[in-house]
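Student: Submitted below is the structure of interest, expressed as structure tokens.
In the working numbering, the protein residues as written are -1 to 83.
As structure tokens, then:
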């Protein structure tokens, strides 16, 4: 039985779900930094925030974990892939 995702994984999954609804789903073999670059190519207006979110997640998941998961969750909550009017 798989362990329940931690807060960072849940936030990153929510980020991916927002982008999937916008037509940019993450593929299974794609790491967070590669995903950010693909988003940047497809939707340049999302590049800065997508890179920041993916970098925070990578730091939490693969780095020293010095980043606060609440910061990641807040940025994901504020993120929108919808075009601005």
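The beta carbon of each residue, even a glycine, is placed where N, CA and C say it ideally should be.
Taking its Cβ as the centre, do 16 or more other Cβ atoms sit within 10 Å of residue 48, making it buried, or is it exposed?
Tutor: buried
Student: So, helix, strand or coil for residue 8, using DSSP?
Tutor: DSSP places residue 8 in the helix class (H, G or I) of the three-state scheme.
Student: Residue 15 by DSSP, collapsed to three states: which one?
Tutor: helix
Student: Which residues mark the beginning and the end of the alpha helix (DSSP H) in which residue 87 is found?
Tutor: The structure shown does not extend to residue 87, since the chain is modelled only from -1 to 83, so the question has no answer here.
Student: Given that a residue counts as buried once 16 or more other Cβ atoms are within 10 Å of its Cβ, and exposed if not, what is residue 39?
Tutor: Residue burial annotation: residue 39 is exposed, with fewer than 16 other C-beta atoms found within 10 angstroms of its C-beta.
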